[in-house]
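Report on the following structure.
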Amino acid sequence: MSIKNKIITVVLFVTFIAVLVGFVFIAKWDINRVRKNIQESLVVNAQLIGDYCVVPLYFGDRQQAAEALLRLKFLESVESGYLFTEKGELFATYPDSLQDKNLPTVTQIESSMLKDGFFYISEPISFKGKVLGVIYVRANSKLLESQKRILFTIIFILIIILVVMSYLIAAGMQKMISEPILNLARLTASISRNQDFTVQIQPPGRDEVGILYQQFNHLLAQLLKKQNEREEAEKKLKDSEAQFRYLFEQNPAVLMIYELGSLQVLAVNEAFIRHYGYSQQEILSMRLPDIFPVKEQGPVSDLTRRLIGLSYSG
Numbered sequence: 125m126s127i128k129n130k131i132i133t134v135v136l137f138v139t140f141i142a143v144l145v146g147f148v149f150i151a152k153w154d155i156n157r158v159r160k161n162i163q164e165s166l167v168v169n170a171q172l173i174g175d176y177c178v179v180p181l182y183f184g185d186r187q188q189a190a191e192a193l194l195r196l197k198f199l200e201s202v203e204s205g206y207l208f209t210e211k212g213e214l215f216a217t218y219p220d221s222l223q224d225k226n227l228p229t230v231t232q233i234e235s236s237m238l239k240d241g242f243f244y245i246s247e248p249i250s251f252k253g254k255v256l257g258v259i260y261v262r263a264n265s266k267l268l269e270s271q272k273r274i275l276f277t278i279i280f281i282l283i284i285i286l287v288v289m290s291y292l293i294a295a296g297m298q299k300m301i302s303e304p305i306l307n308l309a310r311l312t313a314s315i316s317r318n319q320d321f322t323v324q325i326q327p328p329g330r331d332e333v334g335i336l337y338q339q340f341n342h343l344l345a346q347l348l349k350k351q352n353e354r355e356e357a358e359k360k361l362k363d364s365e366a367q368f369r370y371l372f373e374q375n376p377a378v379l380m381i382y383e384l385g386s387l388q389v390l391a392v393n394e395a396f397i398r399h400y401g402y403s404q405q406e407i408l409s410m411r412l413p414d415i416f417p418v419k420e421q422g423p424v425s426d427l428t429r430r431l432i433g434l435s436y437s438g
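The opening residue of the sequence shown carries number 125 in my numbering; numbering runs sequentially from there.
As structure tokens, this is what we get:
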């Protein structure tokens with residue numbers, strides 16, 4: 125991946141994680157708030173209907189108790205209601221035709237809870253400090269689920285919008301980082317192609333990229349110094365070689381250059397060719413002992429291998 129795409133990817137990843145964590149927190153908080161409001165509303169309504177059940181419980185009037193529970197029909201989420209006496213006996217139900225084989229007992233009922241997609245509300249019914257019975261309400265959580273769907277839809281849309289906005293912003297702002305680096309790459313290619321180390325690049329700032337530019341300028345200065353030193357050394361070498369070549373070739377003395385180990389002839393001057401009568405091609409294919417008589421070749425070979433530094437033999 126290019127630096128541009130890496131920057132955009134990092135920004136989008138960080139943005140997505142931050143937004144997701146934030147929205148998860150908001151969603152959890154909002155769902156708990158809605159659930160708490162629904163439970164509180166059911167508790168209040170259960171208490172109100174429980175107040176209507178005081179007289180029927182006190183006088184043992186089941187018909188009137190059933191009529192009191194009938195008020196639960198005005199609560200859309202309520203699916204069933206039960207009225208128990210203080211002894212735990214079922215006194216009335218909502219609706220009247222309710223046939224529930226798994227009736228809860230008073231001891232099983234908690235005051236308020238959400239379980240298996242249903243709200244369960246239990247409120248005691250008292251009169252003059254004496255508990256006459258318990259009202260038990262079972263309500264569905266459709267309202268809560270509806271609120272969840274709406275909330276998740278809104279969060280999903282907001283995440284998409286924020287990610288798209290983050291991408292557009294990141295795509296625009298990444299140039300602040302990638303463009304100076306790409307510019308340095310183009311300048312490096314130009315310098316490498318033209319071998320021009322005299323160039324100095326203006327740093328775009330004092331950040332890490334600016335430091336990179338400064339170090340690159342320092343590198344160019346060092347390369348320019350080395351280039352000047354190499355050119356000077358090459359010039360001196362060429363001058364020295366030209367002087368040596370002139371002295372070697374124009375010297376009236378017979379001169380030969382040979383390899384110390386193999387005694388292979390490497391170069392001879394004009395005086396050597398005139399003196400010995402060999403051609404340039406012939407002599408360069410020979411070894412040093414070859415130009416001596418056969419009986420002298422062994423001693424010459426031994427002598428020349430022992431010569432080190434300034435020595436004279438004649």
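Each residue gets a CB set at the ideal place from its N, CA and C atoms; glycine is no exception.
Bounds of any alpha helix (DSSP H) do not take in G257; it lies within the beta strand (DSSP E) bounded by 254 to 264. Between F243 and I162 the beta-carbon gap is near 7 angstroms, inside 8 angstroms, which marks them as a contact. DSSP links T312 through a beta bridge to no other residue. Note that the C-beta distance between A151 and L275 is below 7 angstroms. In the assembly as shown, A189 is a buried residue. Its beta-carbon has 16 or more other beta-carbons within 10 Å. Ranking A216, L343, K272 by CA distance to the CA of L196 puts A216 first.
G257 sits buried, since 16 or more C-beta atoms from the chains shown fall within 10 Å of its C-beta.
Per DSSP, I131 is one residue of the alpha helix (DSSP H) stretching across 127 to 176. Burial of Q298 is indicated by the presence of at least 16 other C-beta atoms within 10 angstroms of its C-beta.
E247 has I259 as its beta-bridge partners, per DSSP.
Here the region 344 to 360 does not lie against the region 371 to 385, with fewer than 3 beta-carbon pairs under 8 angstroms apart.
In the three-state DSSP reduction, E200 falls in the coil class, being neither helix nor strand. In this structure, V167 lies near S236, with their beta-carbon atoms less than 7 angstroms apart.
S316 is the residue among G184, S316, L199 whose C-alpha sits nearest the C-alpha of L347. The three-state reading of DSSP puts S364 in helix, counting H, G and I together.
Counting along the chain, V323 sits inside no alpha helix (DSSP H), nor does DSSP assign it H or E at all. Comparing alpha-carbon positions, the option among G296, L199, L308, Y402 lying closest to P219 turns out to be L199. Annotation: E406 to Q388 spans about 12 angstroms, alpha carbon to alpha carbon. Using a Cβ distance threshold of 7 angstroms, A294 and V135 count as a contacting pair. Less than 7 angstroms separates the beta-carbon of P413 from that of V424. F147 is classed as buried because its beta carbon has at least 16 other beta carbons within 10 Å across all chains shown.
Only buried fits E247, as 16 or more other CB atoms lie within 10 angstroms of its CB.
The continuous alpha helix (DSSP H) containing L427 extends over residues 418 to 430. Spatial neighbours of I131 in its own chain (CB-CB distance under 7 angstroms, excluding positions within 5 residues in sequence) are listed in chain order as A294, Q298, I301, S302. N264 and D240 have their alpha carbons spaced roughly 10 angstroms apart.
Collapsing the DSSP output to three states places Y402 in coil.
Separation of the CB atoms of I415 and Q404 is rounded to 14 angstroms, and the pair is thereby denied contact status at 8 angstroms. With respect to the 7 angstroms criterion, V323 and P304 are not classified as neighbours on the basis of their beta carbons.
If you draw a straight line from the Cα of Y400 to the Cα of R369, it is about 20 angstroms long. The region 326 to 385 contains, as complete alpha helix (DSSP H) runs of 4+ residues, the segments 332 to 374 (chain order). In this structure, DSSP gives S409 a state outside helix and strand, which the three-state scheme calls coil.
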